[in-house]
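Novice: Starting off with a structure, shown below.
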């Protein structure tokens with residue numbers, strides 16, 4: 001059954017562990033990380049799961065503005081993460097934080113949501129499932145720096161849109177996941 005899942009939470013809260021564990025027994029999973037290097041914990045968990053279950057995964061770490069191009073005939077995918085992808089698109093569309101106005105913020109949001117939708121639709125067309133990872137912004141203080149405040153605002157709105165269009169949503173805290181949708 002095709003399924004779209006969002007997992008949100010704070011940094012190092014167990015989001016990637018949850019995603020990797022959820023697909024551990026499945027073959028031909030695409031794990032796409034657009035942010036920093038994949039942590040050794042996640043890499044070890046992928047290696048353990050693939051060896052234990054005799055499956056193969058495509059693990060890609062790539063700074064790409066078009067993550068949907070990485071999806072081919074994959075039936076299962078983990079996208080890690082909206083937050084890193086948002087930062088990448090913001091840098092691409094706005095090199096100077098003083099240029100961040102409401103119109104540009106909306107253009108950034110639209111570009112990200114459109115790309116995430118294409119990526120998700122490709123996996124769902126394969127009758128597959130996708131887990132999308134993001135950082136939760138709702139518990140943080142409003143940053144005093146203009147660029148950080150804009151990032152938080154944009155990411156918060158994107159998270160809301162993706163959560164509302166996902167089949168399931170989970171919140172991760174201290175390594176425990178709570179189903180919120």
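In this note's numbering, the protein residues as written are 1 to 181.
Just so it is clear, CB atoms sit at the ideal spot from N, CA and C, and this is done for glycine as well.
Looking at C-alpha atoms only, which residue of 112, 128, 129, 22 is the closest neighbour of residue 156?
Specialist: Here residue 156 corresponds to residue number 156 of the chain shown, with the count starting at 1. Ranking 112, 128, 129, 22 by Cα distance to residue 156 puts 112 first.
Novice: Roughly how many angstroms separate the alpha carbons of residue 54 and residue 71, rounded to a whole number?
Specialist: The sequence position of residue 54 within the chain shown is 54, counting from 1. The sequence position of residue 71 within the chain shown is 71, counting from 1. Whole-angstrom Cα-Cα distance: 22 Å.
Novice: With distances taken Cα to Cα, identify the nearest neighbour of residue 106 among 145, 8, 153.
Specialist: Counting from one through the chain shown, the residue named residue 106 turns up at place 106. Measuring from the Cα of residue 106, the nearest candidate turns out to be 153.
Novice: Decide if residue 180 is buried, meaning its Cβ has at least 16 other Cβ atoms within 10 Å, or exposed.
Specialist: Reading the chain shown from its first residue, position 180 is the one you call residue 180. Label assigned to residue 180: exposed.
Novice: Would you please state the rounded distance, in angstroms, between the beta carbons of residue 67 and residue 34? I believe it to be under 8 Å.
Specialist: Residue 67 sits at position 67 when you count from the first residue of the chain shown. Residue 34 sits at position 34 when you count from the first residue of the chain shown. Right, the Cβ-Cβ distance comes to about 6 Å (below 8 Å), so this counts as a contact.
Novice: How would you call residue 173, buried or exposed, if buried means at least 16 neighbouring beta carbons within 10 angstroms?
Specialist: For this step, residue 173 is matched to residue 173 along the chain shown. Classification for residue 173: exposed.
Novice: Ignoring anything shorter than 4 residues or poking outside the segment 101–157, list the alpha helix (DSSP H) runs there in chain order.
Specialist: 102–125, all fully within the segment 101–157.
Novice: My output table needs one value for residue 97: the three-state DSSP class, helix, strand or coil.
Specialist: Translated into the one-based positions of the chain shown, residue 97 becomes position 97. Here residue 97 sits in helix by DSSP.
Novice: Taking contact to mean 3 or more Cβ pairs, one atom from each stretch, closer than 8 Å, check whether the segment 8–19 and the segment 129–136 are in contact.
Specialist: The segment 8–19 is in contact with the segment 129–136.
Novice: Can you tell me the Cβ-Cβ gap for residue 52 and residue 126, rounded? I've got them flagged as a contact below 8 Å.
Specialist: Working through the chain shown from its first residue, we reach residue 52 at position 52. Working through the chain shown from its first residue, we reach residue 126 at position 126. With a Cβ gap of about 24 Å, residue 52 and residue 126 do not count as contacting.
Novice: Tell me, please, whether the segment 134–149 touches the segment 79–98 by the rule of three or more beta-carbon pairs shorter than 8 Å.
Specialist: In short, these stretches touch, since the Cβ pair count reaches three.
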